[in-house]
Amino acid sequence: MKKIMVTGALGQIGSELVEKLRSVYGEDNILATDIRKSEQTSGPFELLDVTDGQRMHALAKDFGADTMMHLAALLSATAEKNPLLAWNLNMGGLMNALEVSRELDLQFFTPSSIGAFGPSTPKENTPQDTLQRPTTMYGVNKVAGELLCDYYFNRFGVDTRGVRFPGLISYVTPPGGGTTDYAVEIYYEAIKQGSYISYIQEGTYMDMMYMPDALQAIIDLMEADAQKLVHRNAFNITAMSFGPAEIAAEIQKHLPHFNMKYQVDPVRQAIADSWPNSINIEAAQQEWGFTAQYDLAKMTVDMLEKLSKQLQPKAIS
Ligand code: VAH
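Using the UniProt record's numbering, the letters of the sequence shown correspond one by one to residues 1 to 317.
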């Protein structure tokens, strides 16, 4: 029976992953943890600062965890604002989660990112195994994290697995501090304002994925036959690649009056420019059957439908 401990459970991925895991493995088999209190009442929840390794160990042991899904981290744009905090949290938290997994023999998942690539990485059809010289603190954290997770597999036999997530788009918990967040904000603003000012310039292509595909990928990878895994940390996965003009055009098919302008943020533009335009996902497809169900058109229909319900003024009862 899976008993899964999740860190960063109130974040963009964590909030939906916990719900998905509980629907698959049972509510009481998923321990959600985060540094702040949860508004949710249902299901096991504990406060945890992932830089506190002793408390992480105690919570995992008392819960009887057999799996650790470590999501707590600062994202790319926030990390550039406070690189030392990002190093301490992203690397300190990861080391604690790996050590607890080694001590308690837990299967281990943590996400990497396309942010693990840099300007010298091939930008088109980026290979699974290639040059990784990121120029952001977030990217340095992700490359170091990939190497640490492979080390814990090879040196200690911890069953570590990871994916390099593209930008993730969702409507449940807005992301915070990412570079790809424009692709989430644009849907909210299209419904609320009918317009959006993009901080990423036209023609800046980045890999993206709808959250349902991201959640399924985590479950599929963690349930994959270990004998079939040639790679572990971390697999390239993506569902689509687009720039601001492409997502705006897709929204306009449903909201014809929607318009978008550009006011480029040089910091996040520089981060985006250092990342690939589109990555190769053959390793994930061949080693554990990765597939994505949502393309830009299908995601846009679902995002607009869900956000229209979520953002419209609550009917006064
Ligand atoms: C970020 N959403 O923008 C994250 C992600 C590939 C992007 O890592 O920092």
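Don't be surprised by glycine CBs; every beta carbon is placed ideally from N, CA and C.
The segment 199–209 makes contact with the segment 233–245; the number of CB pairs closer than 8 Å reaches 3 or more. For V6, the beta-bridge partners assigned by DSSP are A32 and M69. By the C-beta criterion, the segment 210–227 is judged to be in contact with the segment 155–170, since at least 3 inter-stretch pairs fall below 8 Å. The beta carbon of A77 sits closer than 8 Å to at least one heavy atom of ligand 1.
Burial of L98 is indicated by the presence of at least 16 other C-beta atoms within 10 angstroms of its C-beta.
Taken through DSSP and simplified to helix, strand or coil, K261 comes out as strand.
Counting only runs of 3+ residues, the beta strand (DSSP E) found wholly inside the segment 182–216 occupies 195–198 and 206–210, in chain order. Within the same chain, Cβ atoms closer than 8 Å to the Cβ of Y152 are found at L98, S101, R102, F108, V158 and T160, the five residues on either side in sequence being excluded.
Distances taken from the Cβ of I247 to the heavy atoms of ligand 1 include none shorter than 8 Å.
In this structure, S274 sits near P119, with a CB-CB distance shorter than 9 Å.
Counting every other CB atom within 10 Å of its CB across the protein chains shown gives D28 a total below 16, marking it as exposed. In this structure, L229 lies near E287, with their beta-carbon atoms less than 9 Å apart. Each residue's CA atom was taken as its position, placing A239 and L296 some 9 Å apart.
Counting only runs of at least 3 residues, the segment 144–184 fully encloses the following beta strand (DSSP E) elements, listed from N- to C-terminal order: 163–165 and 167–169. Contact check between the segment 120–134 and the segment 173–188: fewer than three CB pairs, one atom from each, fall below 8 Å, which does not count as touching. Under the three-state reduction of DSSP output, N236 falls in the strand class. With a cut-off of 8 Å, the C-beta of M206 is classified as near ligand 1, since at least one heavy atom of the ligand falls inside that distance. Judged by the Cβ position, F45 fails to qualify as a neighbour of ligand 1 at the 8 Å threshold, every heavy atom of the ligand being at least this far.
If you look at T126, you'll find it in the beta strand (DSSP E) that goes E124 to T126. For Q310, the closest alpha carbon among the candidates A284, Y188, M206 and N280 is that of Y188. For Q293, the number of other beta carbons within 10 angstroms of its own is below 16, and it is reported as exposed. Within its own chain, the residues whose Cβ lies closer than 6 Å to the Cβ of K142, once the five positions on either side in sequence are excluded, are S112, S113, G115 and A116, listed in chain order. The Cβ atoms of L71 and T7 lie closer than 9 Å to each other.
Take A9, set aside five residues on each side of it, and the residues of its chain with a beta-carbon closer than 6 Å to its own are V18, A32, T33 and D34, in chain order. Per the coordinates, the alpha-carbon of G14 lies some 31 Å from the alpha-carbon of Y262.
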